[in-house]
Amino acid sequence: MAADSDPESEVFEITDFTTASEWERFISKVEEVLNDWKLIGVSPKKTPDKGEYTNGVWEEKGEEVLFADFKFSLKHHYLVQDSGEREEKDDEVEDSLPVSIQDLLCTNNDFPPIAHCLVRWYGLREFVVISPAANDAVISESKCNLLLSSVSIALGNTGCQVPIFVQIHQKWRKLYVGECQGPGVRTDFEMVHLRKVPNQYTHLSGLLDIFKSKIGCPLTALPPINIAIRFTYVLQDWQQYFWPQQPPDIDAVVGGEVGGLEFGKLPFGACEDPISELHLATTWPCLTEGIIVDNDVYSDLDPLQAPQWSVRVRKADNPQCMLGDFVSEFFRLCRRKESTDELLGKSAFEENGKDAADISQALSKLTEPAPVPIHKLSVTGMVSSARKKIRKHRGADETPLSSDVLNAILFFLFPDAKSLDGAESRSGGNNGDTAAQPESEDYNLYSQLKSAPSDSLTYKLALCLCMVNFYHGGVRGVAHLWQEFVLEMRYRWENNYLVPGLSNGPPDLKCCLLHQKLQVCVFSISHMLNCCIERKKARDNSKKGNTPDSSDSALKSDSMNSAADLDKNKYEVGKSWDSWSDSEDEFFECHSDTEELKESGQEAAKKSTKEEVKEMLKPDGRLHQSGNLTLLLTGEPMYVPITQEPAPMTEDLLEEQSEVLAKLGTSAEGAHLRARMQSACLLSDMESFKAANPGCCLEDFVRWYSPRDYVEEEVVDESGNKVIKGDLSARMKIPNNMWVEAWETARATPVRRQRRLFDDTKEAEKVLHYLAVQKPADLTRHLLPCVIHAALLKVKEEERVEDIPSVKSSIKRIISHSSKVLRFPIPEDKKLEDIITQIINVEATIARARSLKTKFGTDRCENAEEKDDLEKFVSCLLEQPEVPIIGACRGPAGSIIHKMFVNAQRVAIMAPLEEEPKRSSTSDEKKLLSGTDFPSPAGREVILRTTVPRPAPYSKALPQRMYSVLTKDDFRLAGAFSSDTSFF
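Each residue of the sequence shown is one higher than the one before, starting from 330 at the first, in my numbering.
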């Protein structure tokens, strides 16, 4: 007892009721977010224009808040409007209803086709949604009430007039409850969602009853109720309209009539109808209760009498498009790992027997001139000879490509094969040039995509490989065609045949392909191979005593005297590392053989007089006179010499050369070696200039070679006359100048006696080896820009026929995107897939346009004005979510749609009657048998509006609205009921 009475033993619990609970913190966080979004107070806005909900811009902002450990997402959805049109008087703003409550009665944007579901159900332009952040759902009724009370408190504390909704139950049900508060007014947003529709709510009279009972108007005379009704009819049966796309004839290639698979052309179009459904919406926008009847017995809602018709089309999901399939299948080859040998067996490029084993014979064979056949040759003969080697390792029937297909492709790639003969090859009758290059925008597209001209061999090869991959053997067919292609290239190199479809000269870096790991691309390789053949032919002709052709040298014209011409820097770029050597083992392209050189040397030794020496110093290697220029020392006319062309360089070689020069460092020895490497072409041009202009000086060479480095000025001589005096520029007078050193060491040697700057045999063999080791995946990487280029040209060609504005803008975006992606050496697969997907989307859009034009008969329309209206209507169907029909059922488009439904109804009546004559009669079947033009509506939407005082007769008259939608498996009621809270 003493212990119990001890005051120290007593314990007191103190509860702090000022500590915020989780619920209070949640409300506080919601209020904070509303403040951050500046949704506090009055925000007057103008009444939305008609169609603004569809054509306007909707935006949203998001934030996450926690209720204990449960995460919620707050999203603010709003229509972007011009803030300059919101000015109103202050007194009007204070007394006016919140904007969201005013929107309940606005009829300008009923049934918007594209908007948030709450916008369609309540006509709101701004609202906030609170929903579970994850896939959780608020199902408990107590939790729903807790959230709704939290919203009500937050709205009251902040004075926010934007309605806030809470999403409850599973998210797929789209169930929302919410509240909006204003000065003396509150609107409750309620919703009902059912699977099975009560019979009394399937028509207008039943919906009016439930609306009246819900608003509970205390007045004896209920104000008129404004009604908006929309019925939606779905057309799925297109049996009377055949899809116009014809499938390509694969077998026609062999027979010569290539048809849809003509080499050099890509297929286009959808293999199935890209339009799956047509939705017709018939709308009665403004009705009152007394002028229309719609109950379970009778209805005045005839779609043919609806004042407004609108239509939208449902697109088929991922329609199969031929162009997209071609490009996609070709792109998939990039992921293959097999080599050509693994796909076809032992390489056909390797020789059998002693030639393959004896390396020394193979190396010596490279320097020997290839014999020129006299008999007529063709690709077919070469291919048959090469195929014999291949068939030693595999049977004739195992080749992926048949002889007919292979020969057709090779003759398409090399159209000159049938006309090649020995005489023609020796005379250079086939120059290998491409056709005259047009300057059209489509043709020059290759420079943006790093592709190839559309008339080039590389472009044609890409299309053929794409077709072979899709129709003739897949990756093995690609490997087979590539193998035969390389054999043809080697055949032409060994027999001095130029390659058709490639322009002469060095590679054009604007149009060459980028390739993996800084390797030469196919297009640049083909260019270089032509350069090799040109030089080899020129050398062979020189040995036979012919004069050099002007096409085999870099001809300096009079235009080089202009100040705009480049100086030595342009010759410092494009020199091969292999083209410079300190070795004295030089060889010369001489017309005379060894005995003639020996005799000429003996004769020169016998000459001793000055006249004989002068005879030996006569000019050699002249091309033409260089304008009116004369030599400074002798006064003789200056001549442009025949010079060597720099070695053609592709991007990978330029990169390799840059790396080599950079590795030399900045030391004096490295700088000197770098200068000597870069001056190989300069030294050759100086020797040619000295041979063509005996008695010349460095100033003469600079006046022709780099006019900007020879400065002329007007001076006054001793006699007082004005004369023009010239001198070298300041950089030419720098001590140890590379130009001065090169001039002092240069000998007067014409180009035919100089060491070659470009070894065509060596470079050609390197190119042919590179071709031979390419895998199908690498080949696909190189040629994919050409395939994308061809696909874009095909899309542009088809778009011109249909003339779709949205497609034009889409093509421009694809070209802009592709030009950025394809300029990288190794484009990312994801970005390439995006480009292909965009091309497929454009193809599908054009196919949809053709489908709609066929269905609406634009080609069969004889009236020009009506035809233009229908074409405009079809174009709008492709670009807009929903298109109004002018004149409803009485307009041109409306009458066509009416006939579509009538025909579909006839088919629906006849086919089931023949198949199931004893089936039970439903309401839909009775309508079909009665001859109704339209089936039962797939969707019924009704909007009921009115203004009544609630909850008492003396309350302020406030907007009331109820939206109802009825489909086959869904019924929803969304009501917004306003109450006056001033005296309640």
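Where a beta carbon is used, it is the ideal one built from N, C-alpha and C, also for glycine.
A residue is called buried when at least 16 other Cβ atoms come within 10 angstroms of its Cβ; V1136 meets this threshold and is buried. By the criterion of at least three beta-carbon pairs nearer than 8 Å, the stretch 1087-1106 is in contact with the stretch 810-824.
For T787, the enclosing alpha helix (DSSP H) stretches over residues L786 to Y800.
E974 is classed as buried because its beta carbon has at least 16 other beta carbons within 10 Å across all chains shown. For the set D1056, F396 and W352, the Cα lying nearest the Cα of E1042 is the one of D1056.
Collapsing the DSSP output to three states places Q529 in a helix. The DSSP-derived three-state label of D365 is helix. Counting other Cβ atoms within 10 Å of its Cβ, H522 stays below 16 and is therefore classed as exposed.
Here the alpha carbons of C795 and R1129 stand approximately 24 Å from one another. Residue burial annotation: W501 is exposed, with fewer than 16 other C-beta atoms found within 10 angstroms of its C-beta.
Just so you know, the alpha carbons of S1204 and D1197 end up roughly 11 Å apart. Rounded to whole angstroms, the separation of the alpha carbons of Q431 and G511 is 11 Å. The stretch 443-458 and the stretch 379-388 touch, with three or more beta-carbon pairs separated by less than 8 Å. Straight across, the Cα-Cα distance linking E389 with Y407 is about 6 Å.
When C-beta atoms of the stretch 1178-1194 are compared with those of the stretch 804-817, fewer than three pairs fall below 8 Å, so the two segments do not count as touching. Within the stretch 1037-1067, the complete beta strand (DSSP E) runs of at least 3 residues fall at 1039-1045 and 1051-1057. Here DSSP, grouped into helix, strand and coil, assigns P614 to strand. By the criterion of a C-beta distance shorter than 6 Å, L1302 is surrounded in its chain by V521 and S1293, once the five residues flanking it on both sides are discounted.
Under the rule that a run must span 3 or more residues, the beta strand (DSSP E) segments found entirely inside the stretch 494-539 read 504-511 and 514-523. K666 has its alpha-carbon roughly 22 Å from the corresponding atom of C1115. Apart from the 5 residues on each side of it in sequence, V394 sits with its Cβ closer than 7 Å to the Cβ of F355, K358, V359, V362, F401 and L403 in its chain, given in chain order. Per DSSP, the unbroken alpha helix (DSSP H) holding D1198 starts and ends at A1193 to E1208. The continuous stretches of alpha helix (DSSP H) do not include T1187, and DSSP gives it neither H nor E. The DSSP-derived three-state label of P1134 is helix. Straight through space, the alpha carbons of F518 and K1285 are spaced by roughly 19 Å.
If you draw a straight line from the Cα of V457 to the Cα of F1300, it comes to about 24 Å. Fully contained in the stretch 617-641 is no alpha helix (DSSP H) run of length 4 or more. If you compare the alpha carbons of A599, H953, K374 and L961 with that of P970, the shortest gap goes to H953.
Counting along the chain, the unbroken beta strand (DSSP E) around F560 starts and ends at N555 to L564.
For D1298, the CB contacts under 7 Å within the same chain, skipping 5 residues up- and downstream, are R524 in chain order. One Cα belongs to N825, the other to F1153, and the distance between them is close to 35 Å. Taking C-beta separations shorter than 7 Å and ignoring five residues to either side along the sequence, the partners of C489 in its chain run L363, L368 and I369, following chain order. At a Cβ-Cβ threshold of 8 Å, I1169 and C600 do not count as neighbours. An exposed status is given to C615, since fewer than 16 other beta-carbon atoms sit within 10 Å of its beta-carbon.
For E1016, the number of other beta carbons within 10 angstroms of its own is at least 16, and it is reported as buried. As the crow flies, the alpha-carbon of N437 is around 35 Å from that of D602.
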